[in-house]
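> Please see the structure below; I have some questions.
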Amino acid sequence: MTAISAFALSTTLMGCSTSAPVANDAVKMDTSKTSEYSLKSGGPLSQHQSGLSMPKADLSFTILPDHKAIIGHAVLTLTTVKPTSTFSVDLDRVFNINGIELNGKPLSKSQYQNTNGELVITLTKPVQGMFTLDIQYDGKPRQAVRAPWDGGFDWKQTEQGKHWIATAVQGEGCDLFWPCIDQPHGEVAQMDIRISVPYDLVAASNGVLQSVTKNGDLTTYHWQTSSLHNTYAIALNIGPYGLLEEQYTSLYGNQYPIQFYHLKENQEQAQTLFDEIPTMIEFFEKVIGPYPFANEKMGVVETPHLGMEHQTINAYGNKYRKDEFGYDWLLHHEFAHEWFGNQLTNNDWDHMWLHEGFGTYMQPLYTQYLHGDIAYKAHLYKQRVNLVNKYPIVSNRSLSVEEVYDSETGPGGDIYSKGSLILHTLRELIGDDAFFAATRQLVYGTTDPKPGNFAPRFSDTNEFISLVNHHTGKDLSWFFDVYLFQASLPELIIEPTETGMTLSWLVENNKPFPMPLEVSINGEIKTYDLTDPKSIKIHPTDVVIFDPHSKVLRHLPHIERYREYLQAQREAFMKKQKNNN
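In this text, residue positions in the sequence shown follow full-length UniProt numbering: the first is 1, and each later residue adds one.
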């Protein structure tokens, strides 16, 4: 009997249960809903995971699309720095646990429990050093209502009625479908991922494809990765895929494959987009440095959701759109995360702007690379209208992903556009040499990265500040204090005088802000030091433009009025819709 028919039989006999046949000592869990614990990623570390790490994981999944269910088997290699009798991994409680073994020996059901999404293991004898944990589980994983903003499995069908499935779990975390340490530091150094799917579907995942094995009405795709991975960047993608592939030779001389798994009916559009990828990679190589995962692949997969930076298998669902800047921004943004997010990973989600701010700034930079300065400034101006400035970009507290991305509790979308504009302002202040040297060292740990001389690394905002100070030879803490650690933007105050005007900065909490400002008077540009208020002489007929090249991110009243106008329009529309209903 095949796995699919066995599952169908068990669900028929058990009514609404989602379980496959289970071991006699299986623990019956509350599968009603995902717990609050599992709906967060990061934040304070559980006491049961202190000193625990996971260098290796061997994951096997049987995907049952007709039931929107999976059968999972995880063999985890764990290490602990001190003897421990109680430890935990994270796994959504919606799954039935069918059996657990420690170093090959079965545990009794009294030795593990999962009431809230933290699978706690209690041993009769403590373990220390390296050991293996074997977990068999099954059930219906959380469905993503609005992937990728809502995490889980995205069960969809193509226009031809074929199953089209993807995982996206950045906000809620890896524990929605595999047992993990759901923290930034929970990255796994080596993974084997085996995905068994109906015979007419293809499974694309992280790393390098090792084998494809047919077994009755199932086909198993075995993927392997030997690079540190963000836990949320492990992804399953299943569909009726075709494959575009070419061998790419980098500017550094090394070679690696570019692979694009696309829906077969989109072959022509996929080929057009595929042809743009080498130019995107060349940009990153020139501006930042080598592609970090050349030992595996540069991968893209077409997904039913918009997109996500899944390492070496970037999710793409932008429907092959182009914008006014002549390229697909979504694909470029996800590629940026291979450098900012996957090679460089923040050590706490509070520093998520290092992923999203840099990732978003790469699009204006690419626009400048392709089309010059006017297009670059136009791209930045589009970002400027998005700023909310309600919460600081960095709170200096340990936060979960959702606390950061929720605009009611954290910076939300500001980590994207505001982060990008902060980087633009920094670049204008310190110059390209210092800016890109600091950025390169942040990403690689060296200013001279070459294939083979770096590894994925963790960092945070404080290291970036230190690198900027090092490469400029100046203390620029004042810059980051104002732009990152408080919400409001500096405001240029212009006070008329008998002979002209006095310029000064108004900054929240009266923090020092010695930001120089360019002023154009009748076309002549001068730079003024505004460490203290500065008086300048102006004739009534002079044409005066402050910051004529838009170098400084600052409060702009006309932008605020425009945002208020948009908000009023939205409220009027919602009111009209409500009245019509």
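Heads up, the beta-carbon is just placed ideally off N, CA and C, and yes, glycines get one too.
Distance, Cα to Cα, Ile565 vs Gln136?
In the sequence as displayed, the identity of residue 565 is Tyr instead of Ile. The alpha-carbon atoms of Tyr565 and Gln136 are separated by roughly 55 angstroms.
> Across which residues does DSSP place Glu246 in a beta bridge pair?
Ile258.
> So who's on the other strand from Gly500, going by DSSP bridges?
BP columns for Gly500 point to Lys537.
> Considering Cα atoms alone, identify which of Gly500, Leu556 and Glu508 is closest to Val543.
Val543 has its Cα closest to that of Gly500, out of Gly500, Leu556 and Glu508.
> Buried or exposed: where does Asp154 fall if 16 or more other Cβ atoms within 10 Å of its Cβ makes it buried?
Buried, since its Cβ has 16 or more Cβ neighbours within 10 Å.
> Once the 5 residues before and after Gly410 are set aside, which same chain residues still bring their CB inside 8 angstroms of it?
Closer than 8 angstroms at the Cβ level, and outside the excluded window around Gly410, lie Tyr391, Ser395, Leu399, Glu403 and Val404.
> According to DSSP, simplified to helix, strand and coil, what is Val197?
Val197: strand per DSSP, three-state reduction.
> In this structure, does DSSP put Met29 in helix, strand or coil?
The predicted model places Met29 with a pLDDT of 41, which falls under 50 and marks its position as unreliable; any figure quoted below should be read in that light. In this structure, Met29 counts as coil in the three-state DSSP scheme.
> Do the CB positions of Pro148 and His305 come within less than 8 angstroms of each other?
For Pro148 and His305, yes; Cβs fall inside 8 angstroms.
> When DSSP builds the beta bridges, which residues end up paired with Ala203?
In DSSP, Ala203 forms a bridge with Ile238.
> Hey, how far is the Cα of Gln49 from the Cα of Gly359?
Near 31 angstroms, if we compare the C-alpha coordinates of Gly359 and Gln49.
> Which ranges would you report for the beta strand (DSSP E) in the stretch 49-80 if only whole runs of at least 3 residues count?
Segments of the beta strand (DSSP E) lying fully in the stretch 49-80: 52-64.
> Are the CB atoms of Phe87 and Gly72 nearer to each other than 8 angstroms?
Not in contact: Phe87 and Gly72 (Cβ atoms no closer than 8 angstroms).
> Between which two residues does the alpha helix (DSSP H) containing Gly419 stretch?
Here the alpha helix (DSSP H) through Gly419 covers Asp414 to Ile430.
> Decide if the stretch 186-201 is in contact with the stretch 269-281; the criterion is three or more beta carbon pairs, one per stretch, under 8 angstroms apart.
Because the criterion of three Cβ pairs below 8 angstroms is not met, the stretch 186-201 and the stretch 269-281 do not touch.
> By the three-class DSSP mapping on this structure, what secondary structure does Ala568 have?
Ala568: helix per DSSP, three-state reduction.
> I want to know whether the stretch 212-231 touches the stretch 127-141 - three or more CB-CB distances under 8 angstroms.
Judged by Cβ distances under 8 angstroms, the stretch 212-231 makes no contact with the stretch 127-141, as fewer than three pairs qualify.
> Cα separation between Tyr366 and Glu334?
Their backbone Cα atoms lie some 13 angstroms apart in a straight line.
> Can you check whether the CB of Pro292 is closer than 8 angstroms to the CB of Gln343?
Yes, they are a contact pair.
> With distances taken between CB atoms, is the gap from Thr225 to Met191 smaller than 8 angstroms?
Yes, the Cβ-Cβ distance between Thr225 and Met191 is below 8 angstroms.
> Where does Asp414 land, buried or exposed, given buried means 16+ other C-beta within 10 angstroms?
So Asp414 counts as buried.
> On a CA-only basis, which of Tyr252, His310, Val89 and Glu356 is nearest Pro449? Give me that one, please.
Of the listed residues, the one whose Cα sits closest to Pro449 is Tyr252.
> If the criterion is Cβ atoms closer than 8 angstroms, does the pair Ile63 and Ile165 meet it?
Yes, they are a contact pair.
> For Lys105, does the count of other Cβ atoms within 10 angstroms reach 16, so buried, or fall short, so exposed?
Exposed is the call here.
> DSSP state of Phe335, grouped into three classes?
In the structure shown, Phe335 sits in a helix (DSSP, three-state: H, G or I).
> Taking the alpha helix (DSSP H) that Asn462 belongs to, which residues open and close that run?
Asn462 -> alpha helix (DSSP H) spans Thr461 to Thr472.
> Pull up the CB-CB distance for Phe436 and Val287, whole angstroms please, since I reckon it's below 8 angstroms.
About 7 angstroms separates the two Cβ atoms, so the contact holds.
> How long is the line joining the alpha carbons of Asn24 and Thr220, rounded to whole angstroms?
Because Asn24 carries a pLDDT of 35, less than 50, the predicted location of this residue cannot be relied on, and no value is offered for it.
> Using DSSP with H/G/I as helix, E/B as strand and the rest coil, what is Pro148?
Coil, per DSSP.
> Decide yes or no for the touch test of the stretch 174-188 against the stretch 38-57: beta carbon pairs closer than 8 angstroms, at least 3 of them.
The stretch 174-188 is in contact with the stretch 38-57.
> Helix, strand or coil for Glu187? Go by DSSP, reduced to three states.
Three-state result, Glu187: coil.
> Name the DSSP beta bridge partners of Gly42, please?
In DSSP, Gly42 forms a bridge with Ser400.
> For Leu489, which three-state DSSP category applies?
Here Leu489 sits in coil by DSSP.
> Relative to the C-alpha of Leu45, which candidate in Trp349, His355 and Lys382 has its C-alpha closest?
Looking at the Cα atoms, Trp349 is the closest of the given residues.
> Give a yes or no on whether the C-beta atoms belonging to Val208 and Lys297 are separated by under 8 angstroms.
Yes, Cβ-Cβ distance for Val208 and Lys297 is below 8 angstroms.
> Ordered along the chain, which non-local residues of its own chain (more than five positions away) have a Cβ less than 8 angstroms from that of residue 666?
Outside the shown range of the chain, which is 1 to 581, sits residue 666, and nothing can be said about it.
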